[in-house]
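Anchor point for the sequence shown: position 32 equals 38 in UniProt numbering, and the numbering is continuous, going up by one each time. All remarks here apply to the structure that follows.
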Amino acid sequence: LGASEIRLLRRVSAQILGRGISKFHGLCRNDELFRVHLSVSQALAENRPVVALESTIITHGMPYPHNLSTAKEVEDIVRSEGATPATIGVIQGRIHVGLSAEELDYLARSKASLKVSRRDLPYVISKGLCGGTTVSGTMIAAHRAGIPVFVTGGTGGVHRGGEKSLDVSADLTELGRTPIAVVSAGVKSILDIGRTLEYLETQGVCVATYGNSKNFPAFFTPQSGFLSPYNVCNADEAADLIVSALSLGIQSGLLLAVPIPEEHAAAGQQIEDAIQAALTEASAKCIRGKDVTPFILQKVNDLSRGKSLQANKALIHNNARVGSQIARALSERML
Ligand code: PSU
Ligand code: MN
Numbered sequence: 007l008g009a010s011e012i013r014l015l016r017r018v019s020a021q022i023l024g025r026g027i028s029k030f031h032g033l034c035r036n037d038e039l040f041r042v043h044l045s046v047s048q049a050l051a052e053n054r055p056v057v058a059l060e061s062t063i064i065t066h067g068m069p070y071p072h073n074l075s076t077a078k079e080v081e082d083i084v085r086s087e088g089a090t091p092a093t094i095g096v097i098q099g100r101i102h103v104g105l106s107a108e109e110l111d112y113l114a115r116s117k118a119s120l121k122v123s124r125r126d127l128p129y130v131i132s133k134g135l136c137g138g139t140t141v142s143g144t145m146i147a148a149h150r151a152g153i154p155v156f157v158t159g160g161t162g163g164v165h166r167g168g169e170k171s172l173d174v175s176a177d178l179t180e181l182g183r184t185p186i187a188v189v190s191a192g193v194k195s196i197l198d199i200g201r202t203l204e205y206l207e208t209q210g211v212c213v214a215t216y217g218n219s220k221n222f223p224a225f226f227t228p229q230s231g232f233l234s235p236y237n238v239c240n241a242d243e244a245a246d247l248i249v250s251a252l253s254l255g256i257q258s259g260l261l262l263a264v265p266i267p268e269e270h271a272a273a274g275q276q277i278e279d280a281i282q283a284a285l286t287e288a289s290a291k292c293i294r295g296k297d298v299t300p301f302i303l304q305k306v307n308d309l310s311r312g313k314s315l316q317a318n319k320a321l322i323h324n325n326a327r328v329g330s331q332i333a334r335a336l337s338e339r340m341l
């Protein structure tokens, strides 16, 4: 058989095999574009909780080997909380929903991976490339697979000076058009948090702080000085919010902002100072576009002598716990 016949056969057989899965949630199927890991498709078919996880944090957000160990730790936390992890990334032009240990390792080591948001998906797929999906890229895949809860560290936002440069993360427009609940530690102060919240309102994104206050967290610190419009006190309230959004059928997403635990917020001010220095350097070096976020993350980590990396890991672990509990509460309501 020639290459095109093999592709056709693969597609047809994958569609037949995938039929059992799509019967349950209608959307995902294994074909040449998508590969849903068996652990994920089985959990979805049985209505067990699944948590989607992004991979830009692996390919561009943390240095090797911290990226790999953190990705594994996060998956283990999700499992220990009784949910199934679905780390999403692009491998050789195929969107993987749920990665094997080997695939996770491959992405963590690969230097050629692209940072893949909505706009990058057609290109990586057509060229058969690898990539770490951002919040926006991951939301698209999670939605196709029928996974309503997605855990990340921090989302993108409106960059400082964004009112002039128009550098507004595609994460925000994605939240406006894709019905996924994103659990994050808020938005980094490398961004313009006030404008980010305004933009989320414009996009129709329901934002709620997780916990007893409405303080909107700034990633490394529990308070940004801005308020979320709402707060949810626990996983049950968060699940109720998601159920309401899904039953309304509005296509916009939810942003659940989980403050960093107090014991890890101590280095917050030192990290804030590092952020200021990194922003100045980025602007002096004319860093632009999709390179801005990775550049600043790397600089902040150097300047804070690893403290930001440590805090970053701690808050992602915490988000994974909270997100898994929300996914569990949600799956109870879906039975
Ligand atoms: N913030 C972080 N770590 C990250 C990112 C954001 O603290 O790794 C990644 C996420 O994948 C997010 C993306 O979706 O950066 C946003 O990039 P941009 O600002 O180019 O939209
Ligand atoms: Mn940007």
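Don't be surprised by glycine CBs; every beta carbon is placed ideally from N, CA and C. These numbers come from a predicted model, not from an experiment.
Under 8 angstroms, with one C-beta from each stretch per pair, do the stretch 135–152 and the stretch 50–70 reach the 3-pair mark?
At 8 angstroms Cβ cutoff, the stretches touch.
Selected residue, minimal CA-CA separation from A107, among R124, E79, L127:
Nearest C-alpha to A107 among R124, E79, L127: E79.
Going by the C-beta, is S175 closer than 6 angstroms to any heavy atom of the ligand PSU?
The nearest non-hydrogen atom of the ligand PSU is less than 6 angstroms from the C-beta of S175.
Leaving aside the five residues before and after D173 along the sequence, list all residues of the same chain whose C-beta is less than 6 angstroms from its C-beta, in chain order.
Answer for D173: H165, listed in chain order.
Is the beta carbon of S190 less than 7 angstroms from the beta carbon of G160?
Going by C-beta atoms, S190 is nearer than 7 angstroms to G160.
With a threshold of 16 other CB atoms inside 10 Å of the CB of R125, please say whether the residue is buried or exposed.
Of the other Cβ atoms in all chains shown, fewer than 16 fall within 10 Å of the Cβ of R125; this residue is therefore exposed.
What are the uninterrupted segments assigned as alpha helix (DSSP H) that are 4 or more residues long and contained completely in the stretch 271–313, given in chain order?
The qualifying runs are 274–290, 298–309.
Output needed for F225: all residues of its chain with C-beta closer than 6 angstroms, excluding positions within five of it in sequence on either side, in chain order.
Hits under 6 angstroms: G160, A191, G192, K194.
In three-state DSSP terms, what is P91?
Shown here, P91 sits in a strand according to DSSP, grouped into three states.
Contact test: V56 Cβ vs the ligand PSU heavy atom, cutoff 6 angstroms
Set against 6 angstroms, the gap from the CB of V56 to the closest heavy atom of the ligand PSU is not smaller.
With DSSP as the reference, label L135 as helix, strand or coil.
Secondary structure of L135 (DSSP, three-state): coil.
Taking 6 angstroms as the cut-off, is the beta-carbon of I63 closer than that to any non-hydrogen atom of the ligand PSU?
Shortest gap from the CB of I63 to any heavy atom of the ligand PSU: under 6 angstroms.
Taking all protein chains shown into account, do 16 or more other C-beta atoms lie within 10 angstroms of the C-beta of E52, making it buried, or fewer, making it exposed?
With fewer than 16 Cβ atoms within 10 Å of its Cβ, E52 is classed as exposed.
If I'm right that T93 touches V122 with Cβ under 8 angstroms, what's the distance once you round it to whole angstroms?
Contact doesn't hold; Cβ gap of about 14 angstroms is too wide.
What does the alpha-carbon distance come out to for the pair I199 and Y205?
Between the C-alpha atoms of I199 and Y205 there is a straight-line separation of about 10 angstroms.
Nearer than 6 angstroms: is that true of the beta carbon of T299 relative to any heavy atom of the ligand PSU?
Yes, the ligand PSU has a heavy atom inside 6 angstroms of this Cβ.
What is the rounded straight-line gap between the Cα of D246 and the Cα of E338?
Here the alpha carbons of E338 and D246 stand approximately 11 angstroms from one another.
Rounding to the nearest angstrom, what Cα-Cα distance links S258 and N73 in this structure?
Cα-Cα distance, rounded: 30 angstroms.
Short of 7 angstroms in beta carbon distance, which residues of its chain neighbour Q331, apart from the five on each side in sequence? Order them along the chain.
Within the same chain, Q331 has close Cβ partners E87, A241.
Going by the CB atoms, is the gap between I153 and A58 shorter than 7 angstroms?
For A58 and I153, yes; Cβs fall inside 7 angstroms.
May I have the straight-line CA-CA distance separating T202 from L178, to the nearest angstrom?
The straight-line gap from Cα to Cα measures roughly 8 angstroms.
Taking DSSP as the reference, what is the three-state secondary structure of L197?
It is a strand residue.
To the nearest angstrom, how far is it from the Cα of Q276 to the Cα of E180?
Rounded to whole angstroms, Q276 to E180 spans 32 angstroms at the Cα level.
For the ligand PSU, any of its heavy atoms closer than 6 angstroms to the Cβ of T227?
T227: no, Cβ never under 6 angstroms from the ligand PSU.
Just to confirm, does E60 get its C-beta within under 6 angstroms of one of the non-hydrogen atoms of the ligand PSU?
Flag set: Cβ of E60 near the ligand PSU.
Just to confirm the assignment: which complete alpha helix (DSSP H) runs, minimum length 4, are found wholly within the stretch 62–126?
You should have 72–86, 107–115.
Classify E207 as buried or exposed, calling it buried when 16 or more other Cβ atoms lie within 10 Å of its own Cβ.
That one is exposed.
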